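Novice: The numbering of the sequence shown is the numbering used here, which starts it at 57 and goes up by one. Think of the CB as a built atom: it goes at the ideal place given N, C-alpha and C, for glycine as much as any other residue. Keep in mind that this is a model prediction, so the values were computed, not measured. A single structure is presented below for examination.
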Amino acid sequence: MENKKYYITTPIYYPSANFHIGHCYTTVIADAITRFKKLEGYDTFFLTGSDEHGLKIEKKAHEAGVSPKEYVDEIILNAKDLWKSLDIEYDRFIRTTDSDHVETVQKIFKKLYDGGDIYKGEYVGLYCTPCESFWTESQLVDGKCPDCGREVSEVKEEAYFFKLSKYQARLEKYIEEHPDFIQPVSRKNEMLNNFIKPGLSDLCVSRTSFTWGIPVTFDSKHIVYVWIDALSNYISALGYLSEDDSKFKKYWPADLHIVGKEIVRFHTIIWPIMLMALDLPLPRQVFGHGWLVINGGKISKSLGNYKDPREYIKEFGVDAVRYYLLREVPFGNDGQFTEELMLARYNGDLANTLGNLVNRTLSMLTKYNDGIIEKGSLTTEYDSDLINLVTNTKEKVESFMEKLEVPEALDSIFEIFRRCNKYIDETTPWILAKNEDFETLKTVLYNLLESIRIGAILLSPYLPSTSKEILRQLNTKELDYERTNTFGLLEENIHINDFKPIFMRIDANESK
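Here is the structure:
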């Protein structure tokens, strides 16, 4: 296959000691998309990381009695451990305190200044410290930050400004001419109608009232505004403006930025204008996903509905948590999260549909054919329907993933497992055994095993550990994704490996 590249990013996260399940969604879905692209033969690069500068970090470190760097160092260990617990495989975890990032941000700021896109002035206005956002009076909601609803403070200080207004018409034209640049469409319309068309003001891009940030090289009392710092990570991670920019030349422009809906504005206004000013191509797509919510509200420790995601992993298993996040949340919209819904998905889809199918099939093969895989020589009237569904699933999955419809892609894979369970009811292997119709029985069991094999390969980007274990139990070496639309490749005369249920039902009372 022709070598193709795919560069995917998540936002770099504010260092938090209290990650909740909602924080995991973006990174899990980016991991699944990356793994799927690898299956398709793409040379992928998956970037995530941490956004470590700003006034709120400086304040929290001061309250803790440590330096800002010491404060974030400890928290980053927690973040990396969580991503490892979720079986997330990134290519780089970038920190905005990394020396190569700092150097690149300073070069970017100087390049924008030298190009006439940054100028010196005085900022007088409103600032939300938790969001690290500047606001005008008209943008406030009930006098508070429109993003987080908290108090804003008046700020007056010498500052550098970035000429967003200079690029307004060009950005608007680009968005109109590239309808897939901002997705879903509702986010595009929001950015155009609520932010861009009403008029862009020049952006304050430096601060002097605190020190925890990247210094401006040519004016040391200024530090770079955290969003200029943070957004630059997408190219600093690839070596932009460094001695070795081979990764930048290879992977940029990014194919997909996945971001939460609350920060789409930064990624579709400030970031593309920065790139225009740097004379760089824009990312192909920015996708703003929704939130996981409980009873219509955000998950929050302060609201008492927070639990460390590792508690869910301990209770349900890592792939069950991944499955819930990928299957339950309609990509682009908000999704409900409750432990009751997770338990229902676990017992219904994972334990009943998939786990029971695999265990039941392997148990029948062991009982009726000593665990030996054979094709058999007689067929049933139900075979072609099963085989057609299985061999057409790869194309369905690819179509859904092209549109980033991850829940639909997963559901199409589980349709294989649902159809297999129905096939068992239709063919009644236990009656075939009783009637000593062993050639038909072998065919039925082979068709089930081959369908499970293909389903497991297709499932691997989403539930990697589960996929690997199913294939181990089948004792198959035929793992070629490209041939999952071909039925009948499962090796014959192979003895299956030892097996046990992949997912066991959990009693609702036991899970409390």
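1. What residues match up with residue 177 in a beta bridge as DSSP calls it?
2. Opposite residue 318 in the DSSP bridges: which residues?
3. Residue range of the beta strand (DSSP E) that residue 206 falls in?
4. Output the distance between the C-alpha atoms of residue 298 and residue 171, rounded to the nearest integer angstrom.
5. Rounded to the nearest angstrom, what separates residue 366 and residue 404 at their Cα positions?
6. Where does residue 139 land, buried or exposed, given buried means 16+ other C-beta within 10 angstroms?
7. Leaving out five residues on either side along the sequence, give the residues of the same chain with a beta carbon under 8 Å from the beta carbon of residue 202.
8. Mark residue 551 as exposed unless 16 or more other C-beta atoms lie within 10 angstroms of its C-beta, in which case mark it buried.
9. What does the alpha-carbon distance come out to for the pair residue 324 and residue 294?
10. For the candidate residues 208, 153 and 289, whose alpha-carbon lies nearest to that of residue 189?
11. Which residues in the same chain as residue 98 place their Cβ atom closer than 7 Å to its Cβ, once the five residues preceding and following it in sequence are excluded?
12. Do you know how far the Cα of residue 431 is from the Cα of residue 548?
13. For residue 346, count neighbouring C-beta atoms within 10 Å of its own C-beta (all shown protein chains included) and say buried if the count is 16 or more, exposed if not.
14. Would you say residue 507 and residue 446 are within 7 Å of each other, going by their C-beta atoms?
15. Could you tell me the alpha carbon to alpha carbon distance between residue 333 and residue 284, rounded to whole angstroms?
16. Please report the straight-line C-alpha distance between residue 556 and residue 527, rounded to a whole angstrom.
17. What separation, rounded to the nearest whole angstrom, lies between the Cα atoms of residue 534 and residue 502?
18. When you compare each of 145, 455 and 484 to residue 436 by their alpha carbons, which one comes out closest?
19. Would you kindly work out how many angstroms separate the C-alpha atoms of residue 406 and residue 466, rounded to a whole number?
20. Opposite residue 262 in the DSSP bridges: which residues?
21. Note down the Cα distance separating residue 399 from residue 377, rounded to an integer number of angstroms.
22. Using a 10 Å radius around the Cβ and a threshold of 16 neighbouring Cβ atoms, would you call residue 370 buried or exposed?
23. With DSSP as the reference, identify every bridge partner of residue 104, one or two as the case may be.
Specialist: Short version:
1. 215
2. The partner list for residue 318 (beta bridge, DSSP) is empty, contrary to what the question assumes.
3. Where residue 206 is concerned, there is no enclosing beta strand (DSSP E), given that its DSSP letter is neither H nor E.
4. 19 Å
5. 22 Å
6. buried
7. 191, 195 and 196
8. exposed
9. 20 Å
10. 208
11. 60, 61 and 62
12. 7 Å
13. buried
14. yes
15. 13 Å
16. 13 Å
17. 14 Å
18. 484
19. 12 Å
20. 280
21. 10 Å
22. exposed
23. 149
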